[in-house]
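Numbering (full-length UniProt numbering), first residue to last: 1 to 122.
For each residue, glycine too, the CB sits at the ideal point set by N, CA and C.
These figures come from a predicted structure and were not determined experimentally.
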Amino acid sequence: MKERSQSVLLEKKQALLDEIRKSTDIFKALADPVRQDILMMFMIAKRMNVAQVVEQSHLSRPAISHHLKILKQAGILDSVKEKTEVYYSLTLENSVIDQLKAIIHAAESLSDDPAKAFEEHP
1 MKERSQSVLL EKKQALLDEI RKSTDIFKAL ADPVRQDILM MFMIAKRMNV AQVVEQSHLS
61 RPAISHHLKI LKQAGILDSV KEKTEVYYSL TLENSVIDQL KAIIHAAESL SDDPAKAFEE
121 HP
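Okay, structure coming up:
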């Protein structure tokens, strides 16, 4: 019975690691302070093009474009091209939210106290 319990625990740990690894792009995108600042801009302005973001930043246009690309690839920003301009806005697609919820669910399934879930069991 103890072996079964340890096997289930290992499966749950692996499930949690799998969910975290699927969300790496989201975590990388959110980890950078510049991208955090850009996200805050979008929470206020809702929709901007690269030039509008550059106006509110100390970074160059190429640097801002790079950060916007990373946020878009992570599913946090969406873009729409209108004539010659590309406008960005927050999406927080359901897939991003679903990935984060899956991590929380996997962590909660490990233990009543997720903080203790990775402690070694005798």
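Helix, strand or coil at residue i according to DSSP, with G and I counted as helix
i	result
K81	strand
residue 125	The structure shown does not extend to residue 125, since the chain spans only 1 to 122, so no value can be given for it.
S7	helix
S23	coil
D32	coil
H121	Any reading at H121 needs caution, since the residue's pLDDT is 45, under 50, leaving its predicted position unreliable; the model's value is listed next. In the structure shown, H121 sits in coil (DSSP, three-state: anything other than H, G, I, E or B).
For residue j and residue i, believed in contact at Cβ under 8 Å, the rounded distance
i	j	result
V53	L68	7 Å
L90	F42	5 Å
Q73	D25	6 Å
I70	A31	Actually they do not touch by this definition, with Cβ atoms about 10 Å apart.
residue 123	L100	As shown, the chain starts at 1 and ends at 122. That puts residue 123 outside it, with no answer to give.
G75	S95	6 Å
For residue i, the residue or residues it bridges with in DSSP
i	result
L90	L77
M48	Y88
Q.
Using a Cβ distance threshold of 8 Å, determine whether the stretch 41-59 contacts the stretch 11-26, with at least three qualifying pairs required.
A. no
Q: Determine contact between the stretch 78-87 and the stretch 33-45, defined as no fewer than three beta-carbon pairs at a distance below 8 Å.
A: no
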